[in-house]
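Order-wise, the sequence lines are chains D and P. Residues 5 to 348 (our numbering) are what the first sequence spells out, left to right. Residues 5 to 348 (our numbering) are what the second sequence spells out, left to right. Below is one structure; the comments refer to it alone.
There are 2 protein chains.
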Amino acid sequence: MAPALNERKEQILRAVVVNYIKTAEPVGSRTVTRLYKMGLSSATIRNEMADLEELGFLVQPHTSAGRIPSQLGYRYFVDNLMEPDDLSDVDEQVIRSSLSFEKMREIEQIINNSARVLSSVTNQTSLIMGPQFKKSAFHQLRILPLDEKRGLVVLITDTGFIKNKVIDMQQQLTQAELHQVVSYLNQKLYGLTIDQVTTSLINELKRDLFKRLEILEQAFILLEESLKEEKQIRVFLGGTTNILNQPEFKDVDKIRRMLNLFEQEPLLFRILEETSNENDIVVRIGAENEYEDIQECTLITGTYKIHDKTIGTLGVLGPTRMDYSRVITVMRRMVDYLNNRLSS
Amino acid sequence: MAPALNERKEQILRAVVVNYIKTAEPVGSRTVTRLYKMGLSSATIRNEMADLEELGFLVQPHTSAGRIPSQLGYRYFVDNLMEPDDLSDVDEQVIRSSLSFEKMREIEQIINNSARVLSSVTNQTSLIMGPQFKKSAFHQLRILPLDEKRGLVVLITDTGFIKNKVIDMQQQLTQAELHQVVSYLNQKLYGLTIDQVTTSLINELKRDLFKRLEILEQAFILLEESLKEEKQIRVFLGGTTNILNQPEFKDVDKIRRMLNLFEQEPLLFRILEETSNENDIVVRIGAENEYEDIQECTLITGTYKIHDKTIGTLGVLGPTRMDYSRVITVMRRMVDYLNNRLSS
DNA sequence: CTTTAGCACTCTGTAGCTAAGAGTGCTAAA
DNA sequence: TTTAGCACTCTTAGCTACAGAGTGCTAAAG
Chain D
5 MAPALNERKE QILRAVVVNY IKTAEPVGSR TVTRLYKMGL SSATIRNEMA DLEELGFLVQ
65 PHTSAGRIPS QLGYRYFVDN LMEPDDLSDV DEQVIRSSLS FEKMREIEQI INNSARVLSS
125 VTNQTSLIMG PQFKKSAFHQ LRILPLDEKR GLVVLITDTG FIKNKVIDMQ QQLTQAELHQ
185 VVSYLNQKLY GLTIDQVTTS LINELKRDLF KRLEILEQAF ILLEESLKEE KQIRVFLGGT
245 TNILNQPEFK DVDKIRRMLN LFEQEPLLFR ILEETSNEND IVVRIGAENE YEDIQECTLI
305 TGTYKIHDKT IGTLGVLGPT RMDYSRVITV MRRMVDYLNN RLSS
Chain P
5 MAPALNERKE QILRAVVVNY IKTAEPVGSR TVTRLYKMGL SSATIRNEMA DLEELGFLVQ
65 PHTSAGRIPS QLGYRYFVDN LMEPDDLSDV DEQVIRSSLS FEKMREIEQI INNSARVLSS
125 VTNQTSLIMG PQFKKSAFHQ LRILPLDEKR GLVVLITDTG FIKNKVIDMQ QQLTQAELHQ
185 VVSYLNQKLY GLTIDQVTTS LINELKRDLF KRLEILEQAF ILLEESLKEE KQIRVFLGGT
245 TNILNQPEFK DVDKIRRMLN LFEQEPLLFR ILEETSNEND IVVRIGAENE YEDIQECTLI
305 TGTYKIHDKT IGTLGVLGPT RMDYSRVITV MRRMVDYLNN RLSS
């Protein structure tokens, strides 16, 4: 744990962090006295800043430059010094209106829109995990025959999602046979979360059913597959170009690494999943992140729910020099609105 | 139309283009004699190159640099000088295997995979338009009641696509009423392309139906909406980071403009649609492109079909200095395989 | 003991300069 | 028509000089 600082040091640390976030330039002692006058000369501030550097809260890019916050400095700032941000009415309006579209009945549209807004309000890149069905509970399964060869599997969860998938049916089934299979499956699966529908459970059911009805192999493989597919979740990105506006990403090589990351959906998914916590907003600064390529970045995550069941994560990714206060506030609002919208 | 060149000029132009494509450095007269020895001194080549510049096929970045091809130069090369590329067995293998996955039943997966492969084999960015349903013909409509409040609309086209969408139904319909509506719609819409299902036609049907059955308004709005939605098509991107490897994109500002473009799906769609031609591969070099932000790029497009019906476009986007021969050959193969795969 | 003024020192970034290298265009001869 | 030779142009890399910003230290003042 970081040692506590006396009030004067805290004031100075705050001044440095706030200023550096705003200007992206190292902050010198002069600047601190000028902007946050506290009746002290620059020499005194200099001494204090030297102390703060010794304690690990500040670093110097080179001997004769100002100071910039270290990872520890940001951490202390976020934990102890940050003042909550007031969102402007305009921001508030933008966030709300992004979700109020009457027509957005498909959840993917809502999520996609949210990603856009989250990135534009924060000026960072946003990542939102699509709904995780595996955390929803199985509610109902239907199979609708389309023609001789195809059927439509419809899966309904307790969180109100409906996923469907077309399957080929090699063998034809009579209406009655189909009905029999479907009701058997419904009975067995009801109330389980999608997570709990494991391959072994499916195999068991398959063995069971085969005794009664031997025609089903193909249909079963396909059900299994369709469930498996639901477990891989889309991650929606917004404002990927925003990182290019940050001075810390003027190096093409860094840009490449970031964009490369953005193309790897499963990886993004894992990062979001690892970072997030159901109950609160999580701030991961620099090397606090597991994944190497974002250890110069800060990732802030929150989760959204449907009927009190957590089903997805939203994240904002940017350089460690990020307006923490603002992003966290925006994230809070976004989560609130999203929860309301999705639970109605 | 560009004037015809004598053989010697053609040889030299080809040499310059080929070399510049490979090295990204302006090509001087010495280099041409050294690499493509044709029994002439560099002075002669110099004279010829000066002619080629006068004719508009070559340009000089500055007085004392070598020459690079102009847009016209590339055009002449593509139209007259290019030799077809032999794909290596490895490439061939990669392309084929990207599509042979047994499990990819969903067309979006196939398209997505194709985008990935197309970009990695060409080392450029690829864009593939998802299937355009509006060019398919209406085949069958079904509505499956899910519970009291919701139903599932299933739309089947002659190209074998099945699109479906969940709708809310404010008023409850009896099974019989629903059946009546559905069969009426099927009768009216059968054989029309989705394109032809205009708002006015829908309104007409609506009036018609209202006479018989007044409960349907809500259901109708939603059918309309779901059709409208099918008209906006996804564009799948692959290898967006590849442009960063090109030396012409070392400027952060150019990168930003490109990436910005990539985020605007509807725009990409329009560009692909405008550029492509059903019957052949189209090469748009530099300012031949309509859209301003890609006038330093070349876009090469091809189309893919299902049962001889064109339903989508694939594109490769990169700097004008692009390996035309290779990209075009790869595009041809890709189109072939894709057509085969989708029509089976 | 704390604060501050003063000053020497360090490091960066920019501007200007030079020299090397690449390539051209022109001229005159083959 | 081709080519050798040469003066000329432009870019790039490296070097130096210098202004600007900021520090750390010392010694004096509170």
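All C-beta atoms, glycine included, are put in the ideal place defined by N, C-alpha and C. Computed from a predicted structure; not experimentally measured.
Report the three-state DSSP secondary structure of residue i (helix, strand or coil).
i	result
P/Gln250	coil
P/Gln299	coil
P/Gln144	strand
P/Phe81	helix
P/Lys169	strand
P/Pro73	strand
P/Thr317	strand
D/Phe273	helix
P/Ala100	Looking at the sequence provided, one finds Arg at residue 100 of chain P rather than Ala. Correct three-state label for P/Arg100: helix.
P/Thr197	strand
D/Asn281	strand
P/Tyr328	helix
P/Phe240	strand
D/Tyr308	strand
P/Gly290	helix
D/Thr129	strand
P/Leu156	strand
P/Ile219	No answer about P/Ile219 holds up, because its pLDDT of 48 lies below 50 and its placement is not dependable.
D/Thr245	coil
D/Leu62	strand
D/Tyr341	helix
P/Thr48	helix
Between the C-alpha atoms of residue i and residue j, what's the straight-line distance to the nearest angstrom?
i	j	result
D/Glu14	D/Val22	12 Å
D/Phe61	D/Val331	22 Å
D/Leu271	D/Asp89	31 Å
P/Gln97	P/Asp284	24 Å
D/Ile298	D/Ala8	28 Å
P/Met262	D/Leu321	21 Å
P/Phe3	P/Ser101	Outside the shown range of chain P, which is 5 to 348, sits residue 3 of chain P, and nothing can be said about it.
P/Glu208	P/Leu342	39 Å
P/Ser187	P/Leu145	8 Å
D/Ile72	P/Phe266	35 Å
P/Leu346	D/Arg154	16 Å
D/Met338	D/Ile206	38 Å
P/Leu91	P/Thr305	19 Å
D/Leu17	D/Leu59	11 Å
P/Leu248	P/Asn264	14 Å
P/Arg12	D/Gln250	51 Å
Out of the options, which one is the CA nearest neighbour of residue i?
i	options	result
D/Ile115	D/Gly195, D/Leu272 and D/Arg238	D/Arg238
P/Tyr194	P/Ser140, P/Ser46 and P/Gly43	P/Ser140
D/Pro65	D/Gly43, D/Ser45, D/Tyr78 and D/Val31	D/Val31
P/Asn190	P/Val157, P/Val170, P/Thr178 and P/Glu282	P/Val157
D/Ser118	D/Ile247, D/Gly243, D/Glu57 and D/Tyr80	D/Gly243
P/Phe142	P/Asp95, P/Leu39, P/Lys192 and P/Leu213	P/Lys192
P/Val121	P/Leu103, P/Thr307 and P/Glu252	P/Leu103
P/Thr307	P/Met335, P/Leu17 and P/Asp93	P/Met335
D/Thr197	D/Tyr328, D/Glu57, D/Ser329 and D/Ile315	D/Ile315
P/Ala28	P/Gly77, P/Thr333 and P/Arg325	P/Arg325
P/Gly319	P/Ser204, P/Val185, P/Glu269 and P/Ser123	P/Ser123
P/Phe273	P/Thr317, P/Ser329, P/Val286 and P/Glu294	P/Thr317
Please classify residue i: is it buried, with 16 or more other beta-carbons within 10 angstroms of its beta-carbon, or exposed?
i	result
D/Asn344	exposed
P/Ser33	buried
P/Asn10	exposed
D/Asn246	buried
P/Gly43	exposed
P/Val94	exposed
P/Arg38	exposed
D/Arg211	exposed
P/Thr35	buried
P/Thr202	exposed
P/Thr333	buried
Three or more C-beta pairs under 8 Å: does that hold for the stretch 114–133 of chain P against the stretch 125–137 of chain D?
The stretch 114–133 of chain P is not in contact with the stretch 125–137 of chain D.
Taking contact to mean at least 3 C-beta pairs separated by less than 8 Å, is the stretch 39–49 of chain P in contact with the stretch 257–271 of chain P?
No contact exists between the stretch 39–49 of chain P and the stretch 257–271 of chain P.
Within the chosen definition, does the stretch 289–308 of chain P reach the stretch 275–293 of chain D through at least 3 CB pairs nearer than 8 Å?
Judged by Cβ distances under 8 Å, the stretch 289–308 of chain P makes no contact with the stretch 275–293 of chain D, as fewer than three pairs qualify.
Please confirm if the stretch 159–167 of chain D is in contact with the stretch 297–313 of chain D, defined as three or more CB-CB distances below 8 Å between the two stretches.
By the Cβ test, the stretch 159–167 of chain D is in contact with the stretch 297–313 of chain D, since at least three Cβ pairs between them sit closer than 8 Å.
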